Amino acid sequence: MPLHNAQAFVLRTYKLAEADKICVLMTRQSGKLRGVAYGARKLKSRFGSCLEPFTEISLTYFEKDGRELVSISNAEIVRSHYAQAADSVVAGAAMSYVSDLCCEFLPDHEPSDPVYRLLTATLDAFGEGRDVNALVRYFEVWMLKLAGFYPDLRSCAGCGEPAAPGADVWISADGAPRCASCSSGRSLRATPAIRETIARILAKPPATFAESAPPGDQLDRLSELALLIIRHALERDLKSFALFNRLRRETETPGTHLENFE
Amino acid sequence: MLEYAEPIVKLIDELKRLPGVGGKSAQRIAFHLLRTEPAQIERLVGAIQEVRDKIVLCSICNNITDVDPCRYCTSAARDRSVILVVEEPHNLVTVEKTREYRGLYHVLHGALSPLRGVGPDDIRIRGLLERLRSDEVKEVILATNPNTEGEATANYVSRLVRPLGVKVTRIGMGVPVGSDLEYADEVTMHKSLQNRTEM
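Those sequence lines, one after another, are chains A and B. According to my numbering, the stretch in the first sequence is residues 1 to 262, in order. According to my numbering, the stretch in the second sequence is residues 1 to 199, in order.
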């Protein structure tokens, strides 16, 4: 039963039996894995708040051959994002969506340093109080790109012609970019401004991008594009996506959250 | 499981559906039941049936009860100016054990969890807001679990309740009694310092 040490993010947790937890972890060294933390839900648990979602931990675990779940032996906090997730409902929902994207698009046991660094930088930017919506859109583009699903909008997937600088690109339901003549006309439009925003996302760190975030309608178009790609890749919607957008709109329009209950 | 008679296999399969009961435990319980007096089995079956037939949710506070409204909501001895909000009915029992709290309750039956797709419409917030429309309630104590989901829920509920002119408080958080400070992690310690009291 080999003992491993790793640096990891807690992506999500599930209750197990009376006082245990199953944790989905993204480790830097071994990729995504699932582990059991015995007694983690007890009031005097030795894990304390280490296994709360979005916490970066220094982890020690045992792995048995042929067992899917590893056994978490020890965890210590490297960086906690508990306060941001707990103090703001919208930031908490945003982090949940980010975590959901990692869970869905990262294969098990395949280390990905770029995704680990992306998650670190994004969560740090949340902590600095940057524009939550811009950070989520940033993470979406990068995560889908690193997972191999984000389309390259520089050329048409139909005719192979490069996209003209001032022309719109049309994204079909299968996520493929097409020029005006190859598209059926019922696809999602990526304007030159959207393509410019995507280029900025791919060139800058999250905090810098969020500092001079594009207007809300452009971020909404990016969100629609991400939704289309996620639907095509997973053949379903992510619940956290809808909930994040709902809570964000409620916050942006004060009073709507109360109206929803009337 | 084919080595056992079909009724035993059926019983083991049903027991395995219970939370925290695996294959081995289900087998052990099934064989214990086989050796149990018929009268005791009847009592067990009767108790399960009674729970299914008689237990309902209180129409005021959503607590599980056999009389609607529940005994907390109808008791004249309880302080009607305070409502303590908990996630699950068993959390209410933990608070009652202290014998300190004499107010009313409201059970949400869950907590906001974007990862599980649990949104504001999936927990029982609406009933709480309706109860607060009367001038009787002066304070709402949020006693959701001290984890990310519980804190987010407490935050969301407080945002809804504050505009109604009701005082909103959160239960204190920090190091558990009987533990050693040496083992407290930084988040717990931070909460302890935030919630410190003057002596």
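We treat Cβ as the ideally placed atom computed from N, Cα and C, and that holds for glycine. Source: prediction; values computed, not measured.
Alpha carbon of residue i to alpha carbon of residue j, nearest angstrom
i, j, result
"residue 103/B", "residue 79/B", "4 angstroms"
"residue 168/B", "residue 134/B", "16 angstroms"
"residue 70/B", "residue 58/B", "6 angstroms"
"residue 7/A", "residue 116/A", "10 angstroms"
"residue 95/B", "residue 72/B", "13 angstroms"
"residue 186/B", "residue 192/B", "10 angstroms"
"residue 50/B", "residue 250/A", "43 angstroms"
"residue 10/A", "residue 36/A", "12 angstroms"
"residue 17/A", "residue 73/A", "18 angstroms"
"residue 8/B", "residue 38/B", "16 angstroms"
"residue 197/A", "residue 83/B", "49 angstroms"
"residue 18/B", "residue 5/B", "21 angstroms"
"residue 33/A", "residue 22/A", "10 angstroms"
"residue 124/A", "residue 244/A", "19 angstroms"
"residue 114/A", "residue 146/A", "8 angstroms"
"residue 98/B", "residue 163/B", "31 angstroms"
"residue 156/B", "residue 200/A", "34 angstroms"
"residue 212/A", "residue 205/A", "12 angstroms"
"residue 48/A", "residue 161/A", "56 angstroms"
"residue 138/B", "residue 160/B", "15 angstroms"
"residue 84/A", "residue 171/A", "35 angstroms"
"residue 65/B", "residue 92/B", "12 angstroms"
"residue 110/A", "residue 105/B", "47 angstroms"
"residue 127/B", "residue 62/B", "9 angstroms"
"residue 14/B", "residue 55/B", "22 angstroms"
Bridge partners - residue i, DSSP secondary structure assignment
i, result
"residue 64/B", "57/B"
"residue 244/A", "Answer is none; residue 244/A lacks a bridge partner."
"residue 192/B", "Partner(s): none; residue 192/B has no beta bridge."
"residue 34/A", "24/A and 69/A"
"residue 91/B", "None; residue 91/B has no bridge partner."
"residue 51/B", "BP columns for residue 51/B are empty, so no partner."
"residue 4/A", "61/A"
"residue 234/A", "Its beta-bridge partners do not exist; DSSP assigns none."
"residue 14/A", "22/A"
"residue 220/A", "Answer is none; residue 220/A lacks a bridge partner."
"residue 84/B", "105/B and 141/B"
Chain B residues whose Cβ lies nearer than 8 angstroms to that of residue i
i, result
"residue 100/A", "114 and 115"
"residue 263/A", "In this structure chain A extends from 1 to 262, so residue 263/A is not present and cannot be described."
"residue 12/A", "115"
"residue 89/A", "112, 152, 155, 156 and 159"
"residue 35/A", "Residues of chain B passing the Cβ test: none, with the nearest at roughly 17 angstroms."
"residue 240/A", "114, 115 and 117"
Per-residue contacts from residue i into chain A (C-beta, under 7 angstroms)
i, result
"residue 176/B", "43 and 44"
is_contact[residue i, chain D] using C-beta, thresh 8 angstroms
i, result
"residue 185/B", "Checking the listed chains, one finds no chain D in this structure; the protein chains it contains are A and B."
Proximal residues of chain B, C-beta to C-beta of residue i below 7 angstroms
i, result
"residue 18/A", "20"
"residue 82/A", "148 and 187"
"residue 156/A", "The premise fails here: residue 156/A is roughly 36 angstroms from chain B at the closest Cβ pair, so nothing lies under 7 angstroms."
"residue 223/A", "Simply none; closest approach about 15 angstroms."
"residue 96/A", "114 and 115"
"residue 53/A", "148"
"residue 92/A", "148 and 152"
"residue 25/A", "Correct list: empty, because the minimum Cβ distance to chain B is about 14 angstroms."
Proximal residues of chain A, C-beta to C-beta of residue i below 8 angstroms
i, result
"residue 98/B", "The premise fails here: residue 98/B is roughly 14 angstroms from chain A at the closest Cβ pair, so nothing lies under 8 angstroms."
Within chain A, partners of residue i - CB distance below 9 angstroms
i, result
"residue 134/B", "Going along chain A, no residue has its Cβ under 9 angstroms from residue 134/B, so there is no contact; the nearest lies around 16 angstroms."
"residue 179/B", "43 and 44"
"residue 143/B", "Here the premise fails: no neighbours, minimum Cβ distance about 14 angstroms."
Chain-ordered neighbours of residue i on chain B, where CB pairs are closer than 9 angstroms
i, result
"residue 50/A", "185 and 187"
"residue 246/A", "119 and 120"
"residue 77/A", "185, 186 and 187"
(message) Whether or not the segment 181–197 of chain A and the segment 100–117 of chain A are in contact is what I'm after, with contact meaning three or more pairs of Cβ atoms, one per stretch, closer than 8 angstroms; do they touch?
(response) no
(message) Tell me whether the segment 142–151 of chain A and the segment 226–234 of chain A touch, counting them as touching only if at least three CB pairs, one residue from each stretch, are closer than 8 angstroms.
(response) yes
(request) Entirely within the segment 46–71 of chain A and at least 3 residues each: give me those beta strand (DSSP E) ranges in chain order. (result) For the beta strand (DSSP E) assignment, the uninterrupted runs of no fewer than 3 residues enclosed by the segment 46–71 of chain A are, from N- to C-terminal side, 56–62.
(request) Taking only runs that begin and end inside the segment 187–211 of chain A, name each unbroken beta strand (DSSP E) of 3 or more residues, in chain order. (result) Complete beta strand (DSSP E) runs here, min 3: 188–190.
(request) For the segment 118–137 of chain A and the segment 154–165 of chain A, state whether three or more C-beta atom pairs, one from each stretch, are separated by less than 8 angstroms. (result) no
(message) Whether or not the segment 22–36 of chain B and the segment 20–32 of chain A are in contact is what I'm after, with contact meaning three or more pairs of Cβ atoms, one per stretch, closer than 8 angstroms; do they touch?
(response) no
(request) Entirely within the segment 71–121 of chain A and at least 4 residues each: give me those alpha helix (DSSP H) ranges in chain order. (result) 82–87 and 89–105
(request) Starting from the N-terminal side, write out each stretch of the beta strand (DSSP E) that is 3 residues or longer and does not extend beyond the segment 97–185 of chain B. (result) 103–107, 139–142 and 167–170
(message) Does the contact criterion of 3 or more C-beta pairs under 8 angstroms hold for the segment 69–88 of chain A versus the segment 170–183 of chain B?
(response) no
(request) Decide if the segment 74–92 of chain B is in contact with the segment 105–113 of chain B; the criterion is three or more beta carbon pairs, one per stretch, under 8 angstroms apart. (result) Counting Cβ pairs under 8 angstroms, three or more are found: they touch.
(request) Specify whether the segment 34–45 of chain A and the segment 38–49 of chain B touch according to this definition: at least 3 beta carbon pairs, one from each stretch, less than 8 angstroms apart. (result) no
(request) Run through the segment 117–184 of chain A for me and flag every whole alpha helix (DSSP H) of 4 or more residues, listed as ranges in chain order. (result) 132–146
(message) If contact is defined by three or more beta carbon pairs under 8 angstroms, each pair taking one atom from either stretch, is the segment 90–97 of chain A in contact with the segment 166–186 of chain A?
(response) no
(request) Any chance you could list the alpha helix (DSSP H) runs of at least 4 consecutive residues sitting entirely within the segment 11–51 of chain B, in chain order? (result) 23–34
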